[in-house]
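Worksheet for the structure shown next.
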Amino acid sequence: MGRLHDLYDQQGQSPWLDNLRRGWMTTGELQEWIDRGVRGLTSNPSIFAKAMIETDDYNAELESLVKAGTSVEDAYWDLVVGDIRQALGFLLPVHEASGGEDGYVSVEVSPTLAHDEAATVAAARQLDDRIEASNLYIKVPATAEGVPAIRTLISEARSINVTLIFSLERHADVMEAYIAGLEACEADDLSNISSVASFFISRVDVEVDRRLKELGTPEAAELMGKAAIAQGHIAYEQFTKAFSGPRWDALAARGARVQRPLWASTSTKDPSYPDTLYVDTLIGPNTVNTLPDGTLLAFDDHGTVARTVDADPAAAHDIVARLAALGIDLEEVAVTLESEGVSSFAKSFDEVLDTLGTRADEFRS
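What follows is the structure, given as structure tokens:
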């Protein structure tokens with residue numbers, strides 16, 4: 002069947018596709034991915050910007066919307082929602098066959114709202130109500146303002162993909178928001194609420210490795226490429242503790258699902274590292290790994306299917322302690338990366354609106 006199927010069947014990890022293009026749905030490529038073992042799909046503003054800027058797949062619909070008097074930003078969301086609805090249809094059989102565990106498609110609220118709790122809640126509600134699908138995840142960033150928004154949205158029985166988690170402290174906050182949201186939910190049956198906590202991996206190594214190179218010591222060199230995986234292993238340890246014990250048991254009795262860790266940003270940024278590094282080292286039950294198509298192909302070709310995410314928790318803690326001894330503060334690294342992540346998505350959002358605006362002007366002339 003292939004390694005992507007083995008990843009789920011043998012180890013309980015769900016491989017998802019971290020990309021979406023309209024052409025993939027019309028040509029059948031998305032269905033081919035699903036047949037190969039992909040069990041979900043994630044999108045973000047940068048993915049949509051790339052798809053809309055680099056292809057002409059959206060021009061005909063954009064022209065129709067513009068000539069009907071739709072604003073550029075509203076047209077953008079119409080195009081996004083159209084793609085998401087199509088993708089939801091492709092993944093619905095996976096969702097149904099898995100009893101609601103997988104088959105999700107994620108769409109993100111506007112990145113311009115990342116530091117506005119009330120606006121994030123309003124935008125998430127609007128998107129969720131507009132698309133209205135059992136296998137839809139609304140993506141909300143795990144900023145300080147996003148965390149209470151997540152609690153509110155979960156309490157309203159909405160399914161949320163919490164994105165842009167870079168630190169263990171914020172991961173703990175996110176899990177608490179999810180659990181507290183479930184406790185505040187008035188529904189007797191909580192089984193229709195689902196969530197994943199998207200913990201970013203490779204970007205952590207990019208930033209930490211940069212700092213280690215600046216130190217230039219043998220001790221620093223030994224820790225290159227180890228910070229992100231260590232954090233992921235500790236995040237999994239956090240997850241197993243958070244979703245056990247009397248408090249969680251009371252929610253599980255109402256049908257609650259655990260908030261699975263989702264490993265994001267798992268393509269290898271440093272070409273000297275193996276191309277499946279951030280897949281092979283983070284495999285374990287009740288997890289998701291969302292992969293760009295190139296990394297999916299690489300893993301399906303030569304990845305290693307084996308449980309690794311909890312193989313040596315003590316070693317992970319040791320790496321973090323050694324980094325701290327060298328002055329590498331992972332919480333401070335996370336602040337930098339969160340800011341960069343929000344800014345990057347906002348930049349992509351602005352770029353795609355500019356491109357669509359230029360095309361709209363051409364259609365009007």
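Note that the working numbering numbers the sequence shown so that position 70 is 71, with each residue one more than the last.
Where a beta carbon is used, it is the ideal one built from N, C-alpha and C, also for glycine.
Start and end residues, alpha helix (DSSP H) containing residue i
{"i": "residue 8", "result": "4 to 12"}
{"i": "residue 219", "result": "219 to 223"}
{"i": "residue 349", "result": "331 to 365"}
{"i": "residue 227", "result": "Counting along the chain, residue 227 falls outside any alpha helix (DSSP H), and DSSP gives it neither H nor E."}
{"i": "residue 66", "result": "60 to 68"}
{"i": "residue 47", "result": "46 to 55"}
{"i": "residue 374", "result": "Nothing about residue 374 can be read from this structure; the chain reaches only from 2 to 366."}
{"i": "residue 321", "result": "314 to 326"}
Terminal residues of the beta strand (DSSP E) in which residue i lies
{"i": "residue 157", "result": "Taken as a continuous stretch (DSSP letters only), residue 157 belongs to no beta strand (DSSP E), as it is neither H nor E."}
{"i": "residue 107", "result": "106 to 109"}
DSSP beta-bridge partners of residue i
{"i": "residue 199", "result": "263"}
{"i": "residue 290", "result": "16 and 264"}
{"i": "residue 161", "result": "139 and 196"}
{"i": "residue 42", "result": "18 and 106"}
{"i": "residue 166", "result": "200"}
Cutoff 8 Å; reference residue i; Cβ partners in own chain excluding five residues on either side
{"i": "residue 63", "result": "76, 80, 357, 360, 361 and 364"}
{"i": "residue 113", "result": "347 and 350"}
Residue of the options minimising C-alpha distance to residue i
{"i": "residue 325", "options": "221, 143, 56 and 214", "result": "221"}
{"i": "residue 133", "options": "89, 97 and 114", "result": "89"}
{"i": "residue 136", "options": "91, 182 and 14", "result": "91"}
{"i": "residue 146", "options": "160, 164, 138 and 157", "result": "164"}
{"i": "residue 119", "options": "101, 96, 100 and 144", "result": "144"}
{"i": "residue 369", "options": "243, 271, 178 and 180", "result": "Here the chain comprises residues numbered 2 to 366, so residue 369 is not present and cannot be evaluated."}
{"i": "residue 314", "options": "58, 235, 288 and 269", "result": "235"}
{"i": "residue 19", "options": "291, 341 and 345", "result": "291"}
Neighbourhood of residue i by C-beta, 6 Å cutoff - its chain only, sequence neighbours within 5 removed
{"i": "residue 258", "result": "195"}
{"i": "residue 26", "result": "87"}
{"i": "residue 240", "result": "262"}
{"i": "residue 139", "result": "125, 128, 129 and 161"}
{"i": "residue 305", "result": "281"}
{"i": "residue 159", "result": "129"}
{"i": "residue 283", "result": "233, 264 and 310"}
{"i": "residue 9", "result": "15"}
Any chain C beta carbon closer than 8 Å to residue i
{"i": "residue 196", "result": "You won't find chain C in this structure, because it holds only one protein chain."}
Check: residue i C-beta below 7 Å from any heavy atom of the ligand NAD
{"i": "residue 89", "result": "The ligand content of the structure shown is nil, which means the ligand NAD is not present either."}
Sequence-distant residues of the same chain with beta carbon closer than 7 Å to residue i, five excluded per side
{"i": "residue 95", "result": "35, 40, 103 and 104"}
{"i": "residue 6", "result": "38"}
{"i": "residue 3", "result": "37, 38 and 301"}
- Task: Give a yes or no on contact between the region 121 to 141 and the region 73 to 85, applying the rule of three or more CB pairs nearer than 8 Å.
- Result: yes
- Task: Say whether the region 309 to 321 touches the region 197 to 207, bearing in mind that this needs 3 or more beta-carbon pairs closer than 8 Å, one atom from each stretch.
- Result: no
- Does the region 326 to 336 touch the region 167 to 177, meaning 3 or more C-beta pairs lie closer than 8 Å? yes
- Query: Does the pairing of the region 290 to 306 with the region 218 to 238 give three or more beta-carbon distances under 8 Å?
  - Reply: no
- Message: Below 8 Å, how does it come out for the region 30 to 47 and the region 105 to 123: are there three or more Cβ pairs, yes or no?
- Response: yes
- Are three or more beta carbon pairs between the region 142 to 159 and the region 240 to 255 nearer than 8 Å? no
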